[in-house]
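Chemist: Dumping the structure here so I can ask a few things about it.
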Amino acid sequence: YAMLRSSNAGSTFLREVEGSDKRYSFSLPAQRQSNNLYLFESAIDCLSFMELQCMEKGGWTPENYLSLSGVYQPKKELSETPLPIALMQFLQDNPHINCVALCLDNDEAGRLAAHTICVLLPERYTTKLLLPDKGKDYNHQLMIEKGITPAIRMRGEPER
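My numbering puts the first residue of the sequence shown at 499, with every later residue one more than the last.
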């Protein structure tokens with residue numbers, strides 16, 4: 499999987515590379531066998547979460563980390579809603595995982611996605627919701643904690 503993003507501070511250009519396969523989204527598998535998977539909407543949120551762990555604990559926890567590479571939008575009818583394809587592939591490739599930590603955005607879409615994933619995951623999995631303490635997502639929380647003001651306009655934000 500690959501995506502393109504503009505480096506122009508005034509642009510919100512963001513696209514998936516043609517031919518990308520979301521089944522193989524950004525992930526950091528554990529170096530040792532771990533039963534835990536931390537699930538994020540984006541790679542930057544995943545990496546920001548790991549940096550927050552380093553700041554708090556002096557190092558990040560060697561677990562399994564996976565990005566969905568975008569917002570997971572469930573259908574209105576649960577019976578028609580599949581699990582995110584990246585999550586299905588990761589669980590298929592790592593059958594030892596039995597706990598999924600949902601580290602999605604702390605907004606309506608993220609909370610709905612987390613709830614839907616909890617409902618759709620087979621009973622053999624336990625889930626926990628880990629929303630950021632500050633901000634909309636873990637990247638925003640990291641920026642707040644480091645006192646960083648974003649230099650780029652985020653999608654959905656008005657121009658300054």
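Even glycine gets a Cβ: it sits at the ideal position worked out from N, Cα and C.
Since the model is a prediction, treat every value here as computed from it, not as a measurement.
Give the straight-line distance between the Cα atoms of A584 and F511, rounded to the nearest whole angstrom.
Modeler: On the sequence shown, position 86 is the one that residue 584 refers to. On the sequence shown, position 13 is the one that residue 511 refers to. Using only the alpha carbons, I get a separation of about 23 Å.
Chemist: DSSP state of S525, grouped into three classes?
Modeler: Locating residue 525 in the sequence shown gives position 27, where the first residue counts as 1. It is a strand residue.
Chemist: Where does A491 fall in DSSP's three states?
Modeler: Because the chain spans 499 through 658 in this model, residue 491 falls outside it and cannot be assessed.
Chemist: Are F524 and Y636 close, meaning C-beta to C-beta below 8 Å?
Modeler: Translated into the one-based positions of the sequence shown, residue 524 becomes position 26. Translated into the one-based positions of the sequence shown, residue 636 becomes position 138. Cβ atoms of F524 and Y636: not closer than 8 Å.
Chemist: For N592, tell me which candidate among R530, A507, N604 has the shortest Cα-Cα distance.
Modeler: Position 94 of the sequence shown, counted from the first residue, corresponds to residue 592. The residue with the shortest Cα to Cα distance from N592 is R530.
Chemist: Flag this pair as yes or no: are the beta carbons of L526 and F588 separated by less than 8 Å?
Modeler: The residue you call residue 526 lines up with position 28 of the sequence shown. The residue you call residue 588 lines up with position 90 of the sequence shown. Against a cut-off of 8 Å, the Cβ pair of F588 and L526 comes out as no contact.
Chemist: The beta strand (DSSP E) spanning V598 covers which residue range?
Modeler: Against the sequence shown, residue 598 aligns to sequence position 100. That run of the beta strand (DSSP E) goes 597-600.
Chemist: If you measure between the beta carbons of L610 and P572, is that distance less than 8 Å?
Modeler: For this step, residue 610 is matched to residue 112 along the sequence shown. For this step, residue 572 is matched to residue 74 along the sequence shown. Cβ distance < 8 Å, so L610 and P572 count as in contact.
Chemist: Taking the alpha-carbon positions, what's the Q528 to I595 distance?
Modeler: Locating residue 528 in the sequence shown gives position 30, counting from the first residue. Locating residue 595 in the sequence shown gives position 97, counting from the first residue. Residue identity differs from the one stated: residue 528 is Ala in this sequence, not Gln. Computed Cα separation, rounded: 11 Å.
Chemist: Is the beta carbon of S509 closer than 8 Å to that of A541?
Modeler: Translated into the one-based positions of the sequence shown, residue 541 becomes position 43. Translated into the one-based positions of the sequence shown, residue 509 becomes position 11. Their beta carbons are not under 8 Å apart, which means A541 does not touch S509 by this criterion.
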